[in-house]
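Novice: The sequence shown begins at 18 in the working numbering and counts up by one. First, the structure itself, so that you have it in front of you.
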Amino acid sequence: DALRTAGVPARLVGTPAWQGNMSHGNHNWVEVYVGGTTDSGDAWAFIEGAPAGGGESLDNPCDKWFCNPGHFNFSGTEVFATRYDRGGDGAFYPMAWDMANHGVVGEDRSALYEAACNKC
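Structure follows, in C-alpha cells:
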C-alpha cells in the first residue's frame, strides 16, 4: 500500500500454489505500473516486498528468487493479479488462505510469468 499511497499504481500478485500443489505453498509479490512496456511487452513490472526483496530492480525479472524455470517451466504454477474492475474474463484472485472466496477480482498472469521466468 505504500506505493499506492505515494500515487504509484501497484497491485498484489501471486500464486496460490507452486506447481499447482497446495502443499508446495503459496507466494505473493507486487506489480508496479511502469507505463510503456517492459522487456516482456507488458506495462507492469514486478518486485518483492520487504524484507525478501533487497537488491531487486523493476527491469530484470531474473533478480527475483522465484523467477526461474524451477518454479515455472509449465509446471502448473498459476499467477494472478488483483484488479479494480470486473471487466475482462470474470477471473478472480485465488487466495491460498481462503480458496472458497471468489470475491476479489483477478487477472490471470500465468502466461506472462511463464515466458519471463523460463528465460532466467
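Every residue gets a Cβ at the ideal spot worked out from N, C-alpha and C, and that includes glycine. Quick caveat: nothing in here was measured; it's all calculated off a predicted structure.
Check whether the region 94-108 touches the region 30-39, counting contact only when three or more Cβ pairs, one atom from each stretch, lie closer than 8 Å.
Specialist: yes
Novice: Taking the alpha-carbon positions, what's the residue 114 to residue 44 distance?
Specialist: 11 Å
Novice: Just the C-alpha distance for residue 116 and residue 37, rounded to the nearest angstrom, thanks.
Specialist: Cα-Cα distance, rounded: 13 Å.
Novice: Per DSSP, residue 91 forms a beta bridge with which residues?
Specialist: Partner(s): none; residue 91 has no beta bridge.
Novice: Which residue wins for smallest C-alpha separation from residue 81, given the options 128, 64 and 132?
Specialist: In this structure, 64 is the residue among 128, 64 and 132 with its C-alpha nearest to the C-alpha of residue 81.
Novice: With distances taken between CB atoms, is the gap from residue 61 to residue 48 smaller than 8 Å?
Specialist: yes
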